[in-house]
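Below is one structure, written out as structure tokens; the observations come after it.
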Amino acid sequence: MAKGNCSDSVIAVDMGGSNLRTALFDGDGIVRYAKTVTPREGSGPEIYADAIIDLIRSSLSAEEIASAKAVGVSVPGPLDMEKGELIHSPNLLFPVIPIKAPLEEAFKKPVFVMNDTNCGVLGEVGKDGDGGEGFRNNVVYISMSTGIGGGIFADGHLLLGNTGNAGEVGHLYVDGTYSVRCSCGHTGHWEGYASGRGIPHFFRAYCRKNRIPVKCSAILPTAEDIFAGIREELSRGVNNEDDEDGAGAGGCDRGVFAGFYEELSKVNARAISSITAAYSPAVIILDGSVAANNGELIIAGILKYLDGYLPAPEIRLSRLGGKAPLYGAAYCCALSLRGYNVHGENRSADTHKQY
Ligand SMILES: [Zn+2]
36 MAKGNCSDSV IAVDMGGSNL RTALFDGDGI VRYAKTVTPR EGSGPEIYAD
86 AIIDLIRSSL SAEEIASAKA VGVSVPGPLD MEKGELIHSP NLLFPVIPIK
136 APLEEAFKKP VFVMNDTNCG VLGEVGKDGD GGEGFRNNVV YISMSTGIGG
186 GIFADGHLLL GNTGNAGEVG HLYVDGTYSV RCSCGHTGHW EGYASGRGIP
236 HFFRAYCRKN RIPVKCSAIL PTAEDIFAGI REELSRGVNN EDDEDGAGAG
286 GCDRGVFAGF YEELSKVNAR AISSITAAYS PAVIILDGSV AANNGELIIA
336 GILKYLDGYL PAPEIRLSRL GGKAPLYGAA YCCALSLRGY NVHGENRSAD
386 THKQY
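Okay, so the sequence shown: first residue is 36 according to the numbering used here, each after it adds one.
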């Protein structure tokens, strides 16, 4: 897979629900980086492509743009890979958002669009792969932020699936006890329990189920409030069996957070166990704000409850500082310029894949 490494410069874009980032890559890595906010209002879906075009033109010189060989764009959520359009992406304003066509029109060069978690796993593999030493053929990348998504790299190939949206691990079924609803409308899905948006709802369901009179439940605490409570209780050696006297973190009954942490850890471990059974990865890389801010707690909890059926993979945080999707978007361009698709196969032997 080191075949994607090349000295051509390419422009990478990471369009998230909150931030829009771009970077110019040459053969050695990022040479220029810029960031702005993702549009929050506008009259039509062209606002997103327009914002990307504006950010590239304002952060790179005309010469830098002209010399770049391709543009790679990481986008959130489901997309039509053939058309390079986002389809019903959560957190964005319009049901169909064209990216590829308007960028090709603006820059007159090839544009590749891929979902953010597939970009994330390619970024991890490409970054390590080009260096050689840390390269693995079997990597699962999981982004835990507002939602949960994954990218699967198995036997040296990116798994896209029938629709190009494989790796939606946030919708793995992990619980039949608390009936927490997922953003997709179903109950029991990992994202509904362990994402930034899901953790507060899982916490409330946990308190109700266990008849815990939690004073702070009138205002739903944020995921970060809850992790702060967990840290505070664990640092005092509190557990959920001795919660009888007085208030603890956040005005909640002492021990509530420590008890909830056990349940959250079980749910996380069920998801990671299923992923391990399905893909047998050598390494599972966690990324996204929830994982980045609370990685130690999350990984320790997973290891405590992970099924022992298969050998446990290495589970660690991303080392790319939140830029894995950007690296992946650049790597996707580099592969394509070298005549390979994102599976690492030579395109001449592949008649139906876009890349
Ligand atoms: Zn779901």
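Using N, Cα and C, we set each Cβ at its ideal position, and we do this for glycine too.
Looking at the unbroken beta strand (DSSP E) that takes in residue i, where does it start and where does it end?
i, result
"Glu349", "349-352"
"Pro133", "131-133"
"Lys144", "Counting along the chain, Lys144 falls outside any beta strand (DSSP E), and DSSP gives it neither H nor E."
"Ala69", "64-72"
"Leu121", "120-122"
What are the partner residues of residue i, as DSSP defines its beta bridges?
i, result
"Arg305", "Its beta-bridge partners do not exist; DSSP assigns none."
"Ile177", "Gly185, Leu321"
"Asn150", "Val110"
"Asp85", "Note: Asp85 sits in no beta bridge, so no partner."
"Met50", "Leu55"
"Tyr208", "His224"
"Arg216", "Thr222"
"Val45", "Phe60"
"Leu193", "Phe188"
"Asp342", "None; Asp342 has no bridge partner."
Hey, out of the options, whose CA is closest to residue i's CA?
i, options, result
"Arg75", "Ile88, Leu128, Glu226, Asp85", "Leu128"
"Ile333", "Gly231, Gly357, Tyr362", "Gly231"
"Ile65", "Ala141, Ala47, Ser93", "Ala47"
"Val273", "Gly290, Ile261, Ala263", "Gly290"
"Ile183", "Gly112, Ile122, Lys143", "Gly112"
"Asp322", "Tyr375, Gly185, Glu298", "Gly185"
"Leu138", "Thr152, Pro125, Lys118", "Lys118"
"Glu298", "Ala58, Gly77, Phe238", "Phe238"
"Phe188", "Thr152, Lys135, Tyr340, Gly374", "Thr152"
"Pro346", "Tyr362, Ala317, Ser371, Pro360", "Ala317"
"Ala393", "Arg246, Phe147, Gly336", "Beyond the ends of the chain as shown, which are 36 and 390, falls residue 393; an answer cannot be given."
"Pro133", "Asp49, Ala312, Pro80, Thr257", "Pro80"
"Gly199", "Glu120, Ala229, Cys242", "Glu120"
"Pro125", "Ser300, Ser218, Leu207", "Ser218"
"Ile319", "Val148, Thr57, Ile177, Thr181", "Ile177"
"Lys339", "Ala313, Leu370, Ala304, Ala201", "Ala304"
"Ser300", "Asp190, Ala136, Ile265, Leu352", "Ile265"
"Thr311", "Leu207, Lys144, Pro360", "Leu207"
"Glu226", "Gly202, Cys368, Leu370, Leu193", "Gly202"
"Phe292", "Val106, Ser53, Pro256, Ser309", "Pro256"
"Val302", "Val108, Asp210, Ile261, Asp43", "Asp210"
"Asp190", "Thr181, Ser180, Val175, Asn197", "Val175"
"Asn329", "Arg243, Ala229, Met50", "Ala229"
"Ala359", "Val156, Glu140, Ala136, Ile100", "Val156"
"Val108", "Ala141, Leu114, Val148, Ile87", "Val148"
"Val204", "His192, Met179, Ser214, Arg216", "Met179"
"Lys2", "Ala365, Gly343, Val72", "Not covered by the structure: residue 2. The range shown for the chain is 36 to 390."
"Leu59", "Tyr296, Ala369, Leu193", "Ala369"
"Asp43", "Ser309, Gly294, Gly62", "Gly62"
"Thr57", "Gly77, Glu98, Val110", "Val110"
"Glu159", "Arg373, Leu352, Arg246, Tyr375", "Leu352"
"Ser324", "Thr181, Ser308, Tyr83, Glu349", "Thr181"
"Ala86", "Ala69, Lys143, Leu341, Ser102", "Ala69"
Output the boundary residues of the alpha helix (DSSP H) element that contains residue i.
i, result
"Leu59", "Premise fails: Leu59 lies in the beta strand (DSSP E), 54-61, not in any alpha helix (DSSP H)."
"Cys242", "233-244"
"Gly202", "Neither: Gly202 is in no alpha helix (DSSP H) and is coded neither H nor E."
"Leu269", "258-270"
"Glu98", "97-102"
Within the structure, which residues are defined as neighbours of ligand 1 by a Cβ-heavy atom distance below 6 Å, reported in chain order?
Going along the chain, the residues that qualify are His206, Cys217, Cys219, His221, His224, Glu226.
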